[in-house]
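I have placed the structure first, in the form of structure tokens, so that the comments after it can refer back to it.
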Amino acid sequence: MKSDSLSTTSSFEPVLTRNIHRPGSEKIETYLGNGGYRAARRALERTPAEIIQLIKDSGLRGRGGAGFPAGVKWEFMPRDASQKYLAVNTDEGEPGTFKDREIVERDPHQVIEGALIAAYAVGAGRAFVYIRGEFFLGVKRWTKAIADAYEHGFLGKNILKSGFDLEMSVHRGAGAYICGEETAMLESLEGKPGNPRLKPPYPAQAGLFGLPTLVHNIETLACIPHIIERGPDWFAGIGTAQSKGPKIFSVSGHVNRPGNYELPLGVTLREIIYTHAGGVRDGRRLKAVIPGGASTPIMTAMQIDVPMAFETLRAAGSELGTGAVIVMDETTCMVEVARRLTRFFSHESCGRCVPCRIGSVRLYEALERVERGQGEIPDIDRILELAHGIGGITFCPMGTALVNPARSAIKCFRNEFEDHVRKGHCVVSRRAFRGGPDGKDSHRR
Amino acid sequence: MGVKLQTLTDPKKRAMLLSALYIAQEQFGWLSPEALERVAGRLGLSIGQVRSTASFYTMFRLEPKGRYHVQVCEGLSCYLAGGAEPIVDHLVRRLGIRPGETTKDGTFSLEIVQCLAACDLSPGMKINDELYGCLKLETIDALLDDLTQRAVER
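One line per chain: the protein sequences are A and B, in this order.
The first sequence runs contiguously to residue 445 in the working numbering.
The second sequence runs contiguously to residue 599 in the working numbering.
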């Protein structure tokens, strides 16, 4: 399959990633040399209410997966509370996603500047950065960037003589996917196991240590200086009706050029895969795509002209999620894809509620049976029944996330599940591999 | 070391728990029962509070690991790039240990981990805190040779 549509985005000017290929892009000198912290200066001269209005006008929606309008979230923060917090989410764990790692390793000051503006707008005097434990370089870069920002007067007391104070510190997670969920992250920041909290109350009402807390993904914060600099109309002029601005898409799997690509929201999957990521590897045919990270439903090669936006992907039966595009060619076994992703979610269940803790394991076991050719035809409907019993009823969004791979794989590729059962092995995958923790052969033949 | 019964927990001290566990793990190599008790004593927390946090997170080691802790990603993107099981199989043969085990001389331990957020560099793995991407079996061999050599020279 080749691209037959003309590219509309190859001339798109990157904004969030404009500095990352410069040598020493992580340094404050490089950032300042390219107009860095100018937006913060301008923002601090305006009133917090004006900044909130600008962000609302821009149409910015959260980039961490849920897509909640940022300006609305800022308005939820109480105005009268004396102490408020900002929590900066760098706990990137959604399989397929690697944009936050690149931002924090290569341009952390962009995030600090965005955090400073957000904290000023909602009146938060203390910012807690939570970073995934595995991001060793990221921790070093965050720590150094914050120290340099203090030294240059962009953090600390009376920032740029505005009278506004902001303290910021880095906190390292220790390996738990669930801590990317905002309330689990707050629990982790408090030193507890990362079990999600019941909402409401939302973090804006009662967050970290019970105080009003604004929580943002770092890509969301990275957008803010640019909205201040270029204006909300510039931002709202990019994208679709309900999805505005530039977005970083992490592309991996069977493509020639995996990597992060910053493109306008509304770009099609076809364009991302064929124009930017170099097409499918080894000249093979495209089979399936996961558009927004492991928890978003799988789509078929027939659906790649859907624009990558919150509303259009939802209408197509999937989600934008984190914008992590995982590309699979014709040699990919979709039963194995569902098995592998479900294994991830059952491993990462925090164990708090039964449908997720037990259900994910039962779901995985059923998928493993089918994958090994030991299943029965009714197992396929049993998987769907199980998924129905888990999705949407768990304590946190994890339940819905964990059933998406199995449910969407069966919806789009049911014949492959049936083939596994009837023939006792896979007829798609050309790759020999070992299945399951006890080392029994499955696909090997 | 005995731990006093705590009636009140200082939330600020409890918030230091993950950092304290990292420091203890760095010092002792792993989080032994004694190390956990020491952390509890220092922060004024109960051993239950410390243990529940330490056991929740995968990066805290409640048993000793090798000097070089090899962590192979089994995520979907690494699998699609030819990684995951073939790399694990190779390491099992080469090191003579299974996932979750440590070599007799204590040099290497092997673990299967989830997505490392480096899917552009698939297939990938980590050795201690260092990330290695775009792996081939030959590069893994060269890397292990180098680390084995360093362990001998030490």
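Just so it is clear, CB atoms sit at the ideal spot from N, CA and C, and this is done for glycine as well.
Check residue i in the structure and name its three-state DSSP category.
i                         : result
cysteine 518 of chain B   : strand
leucine 86 of chain A     : strand
methionine 334 of chain A : helix
methionine 328 of chain A : strand
tyrosine 37 of chain A    : coil
serine 442 of chain A     : The predicted position of serine 442 of chain A is uncertain, since its pLDDT is 36 and thus under 50; a value taken from the coordinates is nonetheless stated next. Residue state, collapsed to three classes: coil.
arginine 18 of chain A    : coil
threonine 322 of chain A  : coil
serine 243 of chain A     : coil
threonine 220 of chain A  : helix
arginine 172 of chain A   : strand
valine 139 of chain A     : helix
leucine 6 of chain A      : With a pLDDT of 46 at leucine 6 of chain A, under the threshold of 50, the predicted position of this residue should be treated as unreliable, though the coordinate-derived value follows. Looking at leucine 6 of chain A - three-state DSSP - the assignment turns out to be coil, as it is neither helix nor strand.
leucine 116 of chain A    : helix
glycine 389 of chain A    : helix
valine 450 of chain A     : Nothing about residue 450 of chain A can be reported from this structure: the residues present for chain A run from 1 to 445 only.
glycine 153 of chain A    : coil
Name the two residues that bound the continuous alpha helix (DSSP H) containing residue i.
i                            : result
proline 246 of chain A       : No alpha helix (DSSP H) holds proline 246 of chain A; the beta strand (DSSP E) holding it covers 246-253.
valine 361 of chain A        : 354-371
glutamate 190 of chain A     : Counting along the chain, glutamate 190 of chain A falls outside any alpha helix (DSSP H), and DSSP gives it neither H nor E.
valine 533 of chain B        : 530-540
aspartate 165 of chain A     : From DSSP, aspartate 165 of chain A is part of no alpha helix (DSSP H); its letter is neither H nor E.
methionine 134 of chain A    : Rather than methionine, the amino acid found at residue 134 of chain A in this sequence is glutamate. Premise fails: glutamate 134 of chain A is in no alpha helix (DSSP H) and is neither H nor E.
arginine 314 of chain A      : 310-315
phenylalanine 235 of chain A : 232-236
Assuming residue i contacts residue j under a Cβ cut-off of 8 Å, what Cβ separation, rounded to an integer in Å, is found between them?
i                            : j                        : result
glycine 359 of chain A       : leucine 384 of chain A   : In fact, because the Cβ distance is near 13 Å, the residues do not count as touching under 8 Å.
phenylalanine 135 of chain A : aspartate 565 of chain B : About 15 Å separates the two Cβ atoms, so there is no contact after all.
isoleucine 51 of chain A     : leucine 116 of chain A   : Contact doesn't hold; Cβ gap of about 11 Å is too wide.
aspartate 165 of chain A     : glycine 207 of chain A   : Actually they are not in contact, since the Cβ atoms of aspartate 165 of chain A and glycine 207 of chain A sit about 19 Å apart, beyond 8 Å.
glutamate 319 of chain A     : serine 243 of chain A    : About 12 Å separates the two Cβ atoms, so there is no contact after all.
isoleucine 377 of chain A    : valine 421 of chain A    : 5 Å
Does residue i have its Cβ less than 8 Å from a Cβ in chain B?
i                            : result
asparagine 473 of chain A    : Limits of chain A in this structure are 1 at one end and 445 at the other, which puts residue 473 of chain A out of reach.
alanine 222 of chain A       : no
glutamate 190 of chain A     : yes
histidine 276 of chain A     : no
glutamate 348 of chain A     : yes
methionine 328 of chain A    : yes
glycine 323 of chain A       : no
histidine 425 of chain A     : no
tyrosine 150 of chain A      : no
phenylalanine 136 of chain A : yes
arginine 340 of chain A      : yes
tyrosine 254 of chain A      : For clarity, residue 254 of chain A is histidine in the given sequence; the question names tyrosine instead. With 8 Å as the cut-off, histidine 254 of chain A counts as an interface residue toward chain B.
methionine 1 of chain A      : Residue placement at methionine 1 of chain A is poorly supported in this model, since its pLDDT is 38, which falls under 50; the coordinates still yield a value, given next. It does not: the Cβ of methionine 1 of chain A has no partner Cβ on chain B nearer than 8 Å.
arginine 132 of chain A      : yes
valine 446 of chain A        : With chain A represented from 1 up to 445, any question about residue 446 of chain A goes unanswered, as that position is not in the structure.
phenylalanine 433 of chain A : Legend: pLDDT at phenylalanine 433 of chain A = 37, less than 50; position of this residue unreliable, value from coordinates given subsequently. At least one chain B Cβ lies under 8 Å of phenylalanine 433 of chain A.
valine 457 of chain A        : Here chain A has residues from 1 to 445 only, and residue 457 of chain A is not among them.
glutamate 229 of chain A     : no
alanine 174 of chain A       : yes
Looking at the C-beta of residue i, does it have a partner C-beta in chain A at a distance below 8 Å?
i                            : result
leucine 525 of chain B       : yes
lysine 581 of chain B        : no
alanine 563 of chain B       : yes
alanine 485 of chain B       : no
glutamine 559 of chain B     : yes
aspartate 574 of chain B     : yes
lysine 510 of chain B        : no
glycine 520 of chain B       : yes
leucine 507 of chain B       : no
threonine 584 of chain B     : no
phenylalanine 473 of chain B : no
serine 567 of chain B        : yes
methionine 570 of chain B    : no
proline 456 of chain B       : yes
phenylalanine 553 of chain B : no
alanine 460 of chain B       : yes
threonine 548 of chain B     : no
Beta strand (DSSP E) containing residue i: first to last residue?
i                         : result
arginine 257 of chain A   : That residue, arginine 257 of chain A, is in no beta strand (DSSP E); it is neither H nor E in DSSP.
isoleucine 131 of chain A : 126-131
lysine 423 of chain A     : Lysine 423 of chain A -> not in any beta strand (DSSP E); alpha helix (DSSP H) instead, spanning 398-423.
Any beta carbon from chain D within less than 8 Å of residue i's own beta carbon?
i                        : result
threonine 498 of chain B : Absent from the structure: chain D. Protein chains present are A and B.
Every unbroken beta strand (DSSP E) inside the region 263-308 of chain A [3 residues or more] = 286-290
Problem set entry | beta strand (DSSP E) segments (min. 3 residues) lying fully within the region 455-512 of chain B | none
Item to complete: Ignoring anything shorter than 3 residues or poking outside the region 57-114 of chain A, list the beta strand (DSSP E) runs there in chain order.
Response: 85-90
* **Within the region 543-582 of chain B, ranges of the beta strand (DSSP E) (whole runs, at least 3 residues)** => 553-558, 570-572, 575-577
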